[in-house]
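Shown next, in structure tokens, is the structure this report addresses.
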Amino acid sequence: MKVALITGVTGQDGAYLSEFLLGKGYVVHGLKRRSSQFNTARIDHLYQDPHEENRNFILHYGDMTDSTSIIRLIQQIKPDEIYNLAAMSHVQVSFETPEYTGNTDALGVLRILDAVRLLGLEQKTKVYQASTSELYGKVLEVPQTEKTPFYPRSPYAIAKMYGFWVTVNYREAYDMFACNGILFNHESPIRGETFVTRKITRAISRIALGLQDKMYLGNLDARRDWGHAKDYVRVMWMILQAEEPEDWVIATGISTSVRDFVIAAFGEIGVELEFQGKDLQEKAFVKYCSNPDFQLEIGKEILSIDPRYFRPTEVDLLVGDSTKARTKLGWKPEYNLVTLIKEMMESDLNLMRRERYLNEVGFKTLNYYE
Ligand code: NDP
Ligand code: GDR
């Protein structure tokens, strides 16, 4: 049985990757950080009682900023594969916490790689590094491939650029099987609530059910290449099963604006919008609603722009060319944007119906829509 260590196991990708590797018969160890409240909601369905014998899903405390915890864990587990997914992953928040982001997202990668080297596991342990399309930042080439130059535009992307190159360097210097997956945006019903897709599907559900009046967004013109996280964790595994350690772009090849994502997500529940105004004055109103149960009367204002969601430096256009992964690894996505949005809307509508019911019977529920 193969043994894997996943850092960032409590995140979106960590949860899907855990499910995927358990399905393949792996023993999965997950590194989770200490939090004052349970932070395991995404993996609770996989939880196994620590008092049971022969567990195949085991969680350990650790932190990407703490070398000792990483070295001890790798020494104890001696994994065949490490998937380094842990990161301060929010681009906008990285402008507020640049030093911590560098410590976790840049030096954290070094800590993993150097622990493998220090423990003499270079020939045993393969390492997957969660690199990102944010490396491309300012548009130098469209679409972006493995050969497109990097021009990172945030403390997050700059930290990830260190992570990218230190992974390449350890591969070349110490003959390690260490690879970067340069993954473009991938989303799902368990996407963090403050990333734009989930913010939108959650807000639409809340507005439709009368839990929230309207939503505020930032740059509606930004374009992203959005895929489904399930397709993307599968390729993480494929990357570590390849003949040679290499770096891979993973993308759908289709780019959509934030505005068009809003339109498509509303369309999924039978609502048409009308946009008026420009730039910071832009607003969206309900033009048509096919479902009389929703709180969406014609003319209702449901979207305004809030400058606080604009970034000091923006990444305008991402669209990836994953020809290399499609031809050499045989990867191709099973989802498209329509099926992704459908799944996210269904899930958030269900969650918000539950929230509305709890409100109705007197329980106050979380009201953030940052
Ligand atoms: P999430 O934000 O959902 O998950 C991040 C994970 O990292 C969480 O488990 C989080 O723990 C953990 N983490 C954060 N800081 C630390 C730390 N100091 N020590 C230990 N664990 C920590 O991200 P995703 O699942 O979406 O992304 C996974 C990885 O892929 C990230 O590295 C991200 O930067 C990268 N990436 C993501 C893309 C995407 O579109 N989703 C695209 C390209 C790259 P906690 O739950 O406690 O917060
Ligand atoms: P991104 O994802 O920065 O691409 O990073 P996010 O969903 O945060 O932003 C995408 C685009 O939407 C614009 N936008 C808004 N974004 C947020 N979060 N909130 C808003 O209200 C809003 N309005 C407009 C943004 O300006 C941006 O252009 C994600 C993360 O998962 C990274 O970890 C990962 O590396 C990259 O994807 C690939």
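Residue 80 in numbering that gives the first Met the number 0 sits at position 81 of the sequence shown, and the numbers go up by one each step. Glycine residues also receive a C-beta, built at the ideal position from the N, C-alpha and C atoms.
Beta-carbon proximity check, residue i vs residue j, cutoff 7 Å
i, j, result
"Met160", "Leu134", "yes"
"Ala264", "Ile189", "no"
"Gly319", "Ala250", "yes"
"Ala114", "Ile57", "no"
"Leu109", "Val26", "no"
"Met351", "Ser187", "no"
"Leu20", "Gln74", "no"
"Ile304", "Glu281", "yes"
"Ile206", "Val261", "no"
"Gly7", "Ala85", "yes"
Cα-Cα separation, residue i to residue j
i, j, result
"Thr255", "Arg222", "5 Å"
"Gln240", "Cys178", "11 Å"
"Thr196", "Val257", "8 Å"
"Arg152", "Ala158", "11 Å"
"Leu120", "Lys77", "8 Å"
"Val141", "Ala14", "32 Å"
"Gly24", "Cys288", "47 Å"
"Asp259", "Glu342", "17 Å"
Where residue i sits in the DSSP three-state scheme
i, result
"Asn168", "helix"
"Phe309", "coil"
"Arg41", "helix"
"Leu84", "coil"
"Lys94", "Residue identity check: residue 94 is Phe in the sequence provided, not Lys. Three-state DSSP puts Phe94 in a helix."
"Ser204", "helix"
"Ser254", "coil"
"Ala241", "coil"
"Arg223", "strand"
"Trp247", "strand"
Limits of the unbroken beta strand (DSSP E) element including residue i
i, result
"Thr6", "2 to 6"
"Phe265", "It is not in any beta strand (DSSP E) - Phe265 instead sits in the alpha helix (DSSP H) that spans 257 to 267."
"Leu272", "270 to 275"
"Glu18", "Counting along the chain, Glu18 falls outside any beta strand (DSSP E), though it belongs to the alpha helix (DSSP H) covering 11 to 22."
Residues bridged to residue i [DSSP beta-bridge criterion]
i, result
"Tyr231", "Looking at the DSSP assignment, Tyr231 forms no beta bridge with any residue, so it has no partner."
"Glu52", "Note: Glu52 sits in no beta bridge, so no partner."
Residue interval of the alpha helix (DSSP H) (run including residue i)
i, result
"Ala177", "Counting along the chain, Ala177 falls outside any alpha helix (DSSP H), though it belongs to the beta strand (DSSP E) covering 177 to 182."
"Met214", "Counting along the chain, Met214 falls outside any alpha helix (DSSP H), though it belongs to the beta strand (DSSP E) covering 214 to 216."
Chain D within 7 Å of residue i, Cβ atoms only
i, result
"Thr6", "Considering every chain present, this structure includes no chain D. It has just one protein chain."
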